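To start, the structure itself, in structure tokens.
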Amino acid sequence: MTPAFSFALLAALVALAPGIHAAPAATSIPGLLAHQDDIIPLSPEEIGVFKPYTWYARTTACNLSAIMEGDCGTNCEANPTFKPIATGGDGDDTQFWFVSYDPFLDTIIVAHQANNFSDLWVCSGHYRCCPKGTLYVPNEAHTDSLTFPRCCYRPSGCCISPQVHLPSDVTMSYRGYSSPQVGNQAFEDYFDSLGMYAVRLNNKEDPVPVLPPITFFEYHHVSGEVHIKDDNVWVSCPGQDNPSDQCSTGDVTVYYNSEVSDHSGPFDGVTLGIC
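Rendered as structure tokens:
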């Protein structure tokens, strides 16, 4: 596994137990779920709500024992109230992962380690890690939901896409960092039809968000992109694959103007893939 080149996602899973109603998410950004027609700049306050989850995504590059001890340096200090619950993976066939509870956010974090860029070309990393990672991690998260029934769940990591099987009484929202295109048009339309809060953060000329290429493989993205432009302005891009040059699909051409170094960020000052 090569942590220096990672892509990560963060998802929020809100447990709605009988008689218990989760409060509206404090991280909701107006306009990102609406069927907006225009590209909208985000305010500093709207950008700031991603910061805790960006740090959790970065923490996936840390040693698991250090995470369990809360001794992962700046990464742990950035979210000082988090409580480690479980860790796993072997760093090879199964990515390292950790589960933690953040009482300040009232959230359970489920995080996955980064993957090698070479695996992205044939999606072999996704093929290997998904069946194994999803076997263990949801069991930990479900167990913890018995202790923290009102909290949210936010898995984060690499080479995982918004294809998560959940109990019927759990709803999900998604935050992804530098994630690739994950399905065909029918899949993306189905995902969007669920009405779920979904945001994808892409940085400048990062090539991963435009892989696999639509032209050759007909892969697409779900709606909800937030693109960091070259001038560091964050904009919300409507639609699944917005062709505007302010958004990844219209701005980045893998063979001509992509920049691998943009893949890990920074995202509001936080660079992923290092501990």
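In terms of mature numbering (1 follows the signal peptide of the UniProt record, and there is no 0), the sequence shown is residues -22 to -1, 1 to 253.
Don't be surprised by glycine CBs; every beta carbon is placed ideally from N, CA and C.
All of these numbers come straight from a predicted model, not from anything done at the bench.
Residue range of the unbroken beta strand (DSSP E) whose run includes residue i
| i | result |
| --- | --- |
| LEU179 | 176 to 181 |
| PRO191 | PRO191 -> no beta strand (DSSP E), and no H or E assigned at all. |
| THR59 | Neither: THR59 is in no beta strand (DSSP E) and is coded neither H nor E. |
| TYR234 | From DSSP, TYR234 is part of no beta strand (DSSP E); its letter is neither H nor E. |
| PHE74 | Counting along the chain, PHE74 falls outside any beta strand (DSSP E), and DSSP gives it neither H nor E. |
Three-way DSSP call (helix, strand, coil) for residue i in this model
| i | result |
| --- | --- |
| TYR155 | strand |
| ASP240 | helix |
| THR85 | strand |
| residue 269 | Nothing can be reported for residue 269: it is not among the residues displayed for the chain, which extend from -22 to 253. |
| PRO19 | strand |
| PHE245 | strand |
| THR65 | strand |
Residue i to residue j span [Cα, whole Å]
| i | j | result |
| --- | --- | --- |
| VAL200 | PRO216 | 10 Å |
| TYR131 | THR32 | A caution first: TYR131 carries a pLDDT of 43, below 50, which makes its placement in the model unreliable, though a value can still be read off. So the two alpha carbons sit approximately 15 Å from each other. |
| residue 261 | PRO187 | The chain is shown only over -22 to 253; residue 261 falls outside these bounds and no answer can be derived. |
| ILE18 | ALA64 | 39 Å |
| VAL248 | LEU20 | 17 Å |
| ASN235 | MET46 | 41 Å |
| PRO109 | ASP68 | Confidence at PRO109 is low in this model, with a pLDDT of 44, below 50, so its placement is unreliable and no value can be given for it. |
| PHE82 | PHE165 | 35 Å |
| GLU183 | VAL211 | 14 Å |
| LEU250 | LYS207 | 18 Å |
| ALA56 | PRO30 | 7 Å |
| TYR34 | ASP16 | 31 Å |
| PHE28 | TYR233 | 30 Å |
| ILE7 | VAL213 | For ILE7, the predicted model reports a pLDDT of 48, less than 50, meaning its position is unreliable and no value from the coordinates is stated. |
| SER239 | ILE252 | 13 Å |
| ASP84 | SER78 | 11 Å |
| LEU42 | ILE86 | 17 Å |
| THR193 | ASN53 | 39 Å |
| GLY66 | ASP170 | 31 Å |
| TYR175 | GLY48 | 30 Å |
| ASP209 | VAL160 | 28 Å |
| PRO221 | THR227 | 5 Å |
Closest Cα partner of residue i within the set the options
| i | options | result |
| --- | --- | --- |
| ASP219 | ASP68, GLU196, CYS54 | GLU196 |
| GLY202 | ALA35, CYS225, GLU183 | CYS225 |
| VAL177 | VAL238, ASP16, ILE25 | ILE25 |
| HIS241 | PRO62, ASN181, ALA164 | ASN181 |
| PRO191 | TYR168, GLY66, PRO158 | PRO158 |
| ALA44 | PRO22, TRP75, GLN163 | TRP75 |
| ALA39 | GLN73, THR227, PRO221, ARG153 | GLN73 |
| GLY154 | VAL88, LEU179, SER222 | LEU179 |
| LEU172 | PHE60, VAL160, TYR152 | TYR152 |
| PRO22 | ILE252, GLY48, PHE245 | PHE245 |
| SER156 | GLU237, THR52, THR59, PHE60 | GLU237 |
| HIS198 | ASN162, THR85, ASP223, PRO221 | ASN162 |
| VAL88 | ARG36, ASP229, THR193, THR231 | ARG36 |
| residue 317 | THR193, PRO185, ILE86 | This structure cannot settle anything about residue 317, because the visible part of the chain is limited to -22 through 253. |
| PHE60 | ASP49, CYS50, GLY48, ASP80 | ASP80 |
Unbroken alpha helix (DSSP H) run spanning residue i, endpoints
| i | result |
| --- | --- |
| SER171 | 163 to 171 |
| ASP229 | 226 to 229 |
| GLY26 | 22 to 26 |
| TYR31 | 29 to 37 |
According to DSSP, residues forming a beta bridge with residue i
| i | result |
| --- | --- |
| CYS215 | GLU203 |
| ASP209 | The partner list for ASP209 (beta bridge, DSSP) is empty, contrary to what the question assumes. |
| SER78 | PRO62, ILE87 |
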